[in-house]
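Residue numbers (our numbering): 31 to 392.
Ideal Cβ positions, reconstructed from N, Cα and C, are used throughout, including at glycine.
This structure is a prediction, so every number in the text was calculated from the model and none was measured.
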Amino acid sequence: MSARVGRLRQLLGTLGADAFLVASAHNLRYLTGFSGSNGLALIDESRIVLVTDARYRIQAGLETEAAGSRVELHITNDPGAVLSTAGRGLARIAFEAEHVTVARREVFAEGIAGELVPTVDVVERLRQDKDPHEIELLSTAAGIADDAFTAIWDLLGEKLPNGLTERRVAAELDHMMRLGGADAPSFDTIVASGPNGAKPHARPGDRVIQKGDLVVLDFGARVDGYGSDMTRTVSAGACPSDRQLELYDAVLTAQRAGVATVADGVPELAVDRACRNLLTDRGLGEAFSHGTGHGIGLQIHESPILSTRSVGILRSGLVITVEPGIYLPDIGGIRVEDSVVVSSSGCTPITHSPKGLVPAFS
Ligand code: ZN
Ligand code: ZN
Numbered sequence: 031m032s033a034r035v036g037r038l039r040q041l042l043g044t045l046g047a048d049a050f051l052v053a054s055a056h057n058l059r060y061l062t063g064f065s066g067s068n069g070l071a072l073i074d075e076s077r078i079v080l081v082t083d084a085r086y087r088i089q090a091g092l093e094t095e096a097a098g099s100r101v102e103l104h105i106t107n108d109p110g111a112v113l114s115t116a117g118r119g120l121a122r123i124a125f126e127a128e129h130v131t132v133a134r135r136e137v138f139a140e141g142i143a144g145e146l147v148p149t150v151d152v153v154e155r156l157r158q159d160k161d162p163h164e165i166e167l168l169s170t171a172a173g174i175a176d177d178a179f180t181a182i183w184d185l186l187g188e189k190l191p192n193g194l195t196e197r198r199v200a201a202e203l204d205h206m207m208r209l210g211g212a213d214a215p216s217f218d219t220i221v222a223s224g225p226n227g228a229k230p231h232a233r234p235g236d237r238v239i240q241k242g243d244l245v246v247l248d249f250g251a252r253v254d255g256y257g258s259d260m261t262r263t264v265s266a267g268a269c270p271s272d273r274q275l276e277l278y279d280a281v282l283t284a285q286r287a288g289v290a291t292v293a294d295g296v297p298e299l300a301v302d303r304a305c306r307n308l309l310t311d312r313g314l315g316e317a318f319s320h321g322t323g324h325g326i327g328l329q330i331h332e333s334p335i336l337s338t339r340s341v342g343i344l345r346s347g348l349v350i351t352v353e354p355g356i357y358l359p360d361i362g363g364i365r366v367e368d369s370v371v372v373s374s375s376g377c378t379p380i381t382h383s384p385k386g387l388v389p390a391f392s
């Protein structure tokens, strides 16, 4: 944690600030180890002043100690008062404009004598670069989701029972992940069958899955705050049609091309292009209606975002998804998503579930 705070302190000069006020709960956790829902931290060259309320008295002490972060902990319902004392002598204090409401900013302005400087994406950008411990947590989470996929294919494949609903499949996936060691699913599990698959973020409902349906399964596990993300598309009852196989092949080819493009120094845009060009060549460009990927970590969608508008360059240590998909009202949806760790020679996937409309488990 001290290395993370050190990296933030190095940015203070560039930001033209004497201190940084952290308001985002995820950023607070990243920098101090404290995972409560309510808190603020004022970080200057020498201090980390952490403010939270009485509900978190014990938790904040334990978590910051476990993280090895030396904080001045203040338990109060009046953070403005603590900040006015802690902020004395600070001329310019950077704050997270995307995480502070207008009303809250006014409270800060009343308490803090120095000038408040709005910033965006400062800690978020630090969070892009994962350290080995973060990569280990993400890999553990991805492994738990891989195991859940193995179990669910047993249910959805050849043995497909009568009356199996999307809701039931989602519940089974969540259950398997919890039993496998997840603290929770990393986001609301998506199980989209048949026509529902044409909605990229469909919610699992009471639709009964039919033999021959395409089923999009997008899910992940959360471990110690870090969430995995993977999508597989399968044929319910393991009986895909030729048309389904052909479309699946287009998506899988695009996804593999995207993964093969990922490496340190490669523009994010190149990964999006690699996927998009292949689908466009097969007349499916219009059907690919979203971005190609995103960072994962403490949040399920983190920067960088890989899309047609990306301008960044990939670096070793980033953990990103590559997830092209197509959505056709008469067919449903097909999406394949892996999470990979960027390296100098390419990338290493952390999601390992077999692919294919009828995945072959070894
Ligand atoms: Zn996903
Ligand atoms: Zn994703």
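Using the three-state DSSP reduction, which class does residue i fall into: helix, strand or coil?
i    : result
M207 : helix
P389 : coil
I174 : helix
A251 : strand
I123 : strand
H393 : No statement about residue 393 is possible, as the shown extent of the chain runs from 31 to 392 and does not include it.
V20  : With the chain covering only 31 through 392, there is no way to say anything about residue 20.
L194 : coil
E316 : coil
V130 : coil
F179 : helix
A49  : strand
P334 : strand
P384 : coil
Leaving out the 5 sequence neighbours to the left and right, which residues in its chain are closer than 8 Å to residue i when beta-carbon positions are compared?
i    : result
T378 : V370, V371
R237 : T195, E196, S223, G224, N226
A390 : P384
A121 : D48, G144, E145
Note down, in chain order, each residue of its chain lying with its Cβ closer than 6 Å to the Cβ of residue i, except the 5 sequence neighbours on either side.
i    : result
V81  : L70, H104, P109, V112
Y278 : I364, L387
T106 : V112
L127 : Residue identity check: residue 127 is Ala in the sequence provided, not Leu. Around A127: P148, V150.
Indicate whether residue i and residue j have their beta-carbon atoms separated by less than 9 Å.
i    : j    : result
L344 : P297 : yes
V281 : P354 : yes
T219 : F179 : no
D161 : S333 : no
G267 : D243 : yes
E75  : L42  : yes
S258 : A171 : yes
Grab me the residues of residue i's own chain with a C-beta within less than 7 Å of its C-beta, minus the 5 sequence neighbours each way, in chain order.
i    : result
E276 : none
I335 : G321, H324
S3   : Missing from the structure shown is residue 3; the chain here goes from 31 to 392 and no further.
Y60  : R34, V153, R157, L328
L72  : A49, L51, V79, L113, A116, G117
E140 : G110
Rounded C-beta distance between residue i and residue j? I'm assuming under 8 Å.
i    : j    : result
S54  : I78  : Not a contact, Cβ separation roughly 15 Å.
Y86  : L168 : Contact doesn't hold; Cβ gap of about 26 Å is too wide.
V352 : G295 : Contact flag wrong, Cβ pair sits at about 17 Å.
L398 : A284 : An answer regarding residue 398 cannot be provided, because it is not within the stretch 31 to 392 covered by the chain.
V221 : P234 : 4 Å
R373 : S346 : The sequence given here places Ser at residue 373; Arg does not occur at that position. Correct: roughly 5 Å between the Cβ atoms.
I182 : E202 : 6 Å
T291 : V366 : About 15 Å; that fails the 8 Å criterion.
Within the stretch 80-123, ranges of the beta strand (DSSP E) (whole runs, at least 3 residues):
102-105
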